Amino acid sequence: MSDATAALVGATGGAGTTRLTVELGTLLASDGRDVVVLDAAFATQGLSDYLPGRIDPDLTALLTDARDAPLSDGLVEAPLDDVPGRLACCPAVAPFERLARAKSPDAAQAFESRIAAAADAFDHVLVDTPPVAANQSVAAATATARTAVVAPASTRGRDAVQRTTGRLDDIGVGVDAVVTTRGELSVADVAVPETDADVTAPTCLSNRSTAVAVAAVANAVFDAEPSTGDDAGLLDSVGEFVSR
1 MSDATAALVG ATGGAGTTRL TVELGTLLAS DGRDVVVLDA AFATQGLSDY LPGRIDPDLT
61 ALLTDARDAP LSDGLVEAPL DDVPGRLACC PAVAPFERLA RAKSPDAAQA FESRIAAAAD
121 AFDHVLVDTP PVAANQSVAA ATATARTAVV APASTRGRDA VQRTTGRLDD IGVGVDAVVT
181 TRGELSVADV AVPETDADVT APTCLSNRST AVAVAAVANA VFDAEPSTGD DAGLLDSVGE
241 FVSR
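Be aware that the sequence shown starts at 1, since it is given in the UniProt record's numbering, and climbs by one per residue.
The structure is reproduced here in structure tokens:
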């Protein structure tokens, strides 16, 4: 299992996990790394909102009807300009019938194999993972080396972190970082500020506060220090978003 694989696990629905996953992938790509994002959030299918063009096959097809196809068939390049790295995405866009089949135990095993294949082809693998309540979430958490729990900065989010940590412990997965969105919590390792920008486009390449916060996430999850475009004082700036 590659140390450069990570599941970003939403503690609740609406935690901002998809957005954070895209922002993290974008910042790592801007630092010259090749990154792939896999979409385990089958129900919401939010990753597709960030991508242009037709998506066929999607990830659910690669886990079911197109299981023999290479992962590359389902990859869509994120529309990033002038970055030295690469951000490829494998979103889920499927009818309910296939979504249901993609949640089966056999499909979960196929998902683990897809994660392993992605780790061989990319510098980093990020899995946008919904709350741990289905087979694909379990597969994402157990097949990756690092796990970050993402929660909104609220009482509900704090309680959900505790619940999610317990569920992950039940399947033998430790939590490497807790990230809060839209504010801070005492249980968080990193806090990412709220942004009013269009939710279908990453902002870390144009908004310094977002870039520095996402760099802190990269450090907490991968022990990586991607450039934010202003290396002078980067470590001091990252410290503003690290809770402990």
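The beta carbon of each residue, even a glycine, is placed where N, CA and C say it ideally should be.
Predicted model, so just to flag it, every value in this text is computed and none were measured.
query: Touching by the beta-carbon criterion (3+ pairs, under 8 Å), the region 156 to 167 and the region 178 to 193; result: yes
query: Contact between the region 83 to 96 and the region 57 to 75 (3+ Cβ pairs under 8 Å); result: yes
query: Endpoints, beta strand (DSSP E) assigned at D128; result: H124 to T129
query: Secondary structure of T195, DSSP reduced to three states; result: coil
query: Rounded separation between A108 and R114 - CA only; result: 10 Å
query: Cβ-based neighbour list, A224, same chain, cut-off 6 Å, excluding 5 preceding and 5 following; result: A218
query: Separation of V22 from V125, as counted between CA atoms; result: 12 Å
query: Supposed close pair A11, V149 - CB separation, criterion 8 Å; result: 5 Å
query: 6 Å CB neighbourhood of A143 in its chain, flanking five on each side removed; result: E112 and I115
query: Same chain, Cβ closer than 8 Å to A119, five either side skipped, listed in chain order; result: M1, S2, A4, T5 and V125
query: Close Cβ partners of P152 (< 6 Å) along its chain, the five nearest in sequence each way excluded; result: A15, T181 and R182
query: From K103, T228 and V214, residue whose alpha carbon lies closest to that of L8; result: V214
query: A191 to S227 span [Cα, whole Å]; result: 18 Å
query: Assumed close pair V76, L38 - CB separation to whole angstroms, cut-off 8 Å; result: Wrong, their Cβ atoms sit about 12 Å apart, outside the cutoff.
query: For residue 286, the first and last residue of its enclosing alpha helix (DSSP H); result: Absent from the structure is residue 286, since the part of the chain shown begins at 1 and ends at 244.
query: As assigned by DSSP and simplified to three states, the class of V22; result: helix
query: Cβ neighbour criterion (16 or more within 10 Å) applied to G32; result: exposed
query: Within-9 Å CB hit, P52 to chain D; result: Going by chain labels, chain D is absent from the structure shown, which holds only one protein chain.
query: Spatial distance of N207 from E194 (CA atoms); result: 12 Å
query: Through-space distance from T26 to C204, alpha-carbon basis; result: 7 Å
query: Euclidean distance between Cα positions of R19 and Q45; result: 12 Å
query: Enclosing beta strand (DSSP E) for R67 [first to last residue]; result: Careful: R67 lies outside any beta strand (DSSP E) and carries neither H nor E.
query: Bounding residues of the alpha helix (DSSP H) (the contiguous stretch that carries D106); result: P105 to A121
query: Rounded straight-line distance, which links the Cα of G53 to that of L168; result: 35 Å
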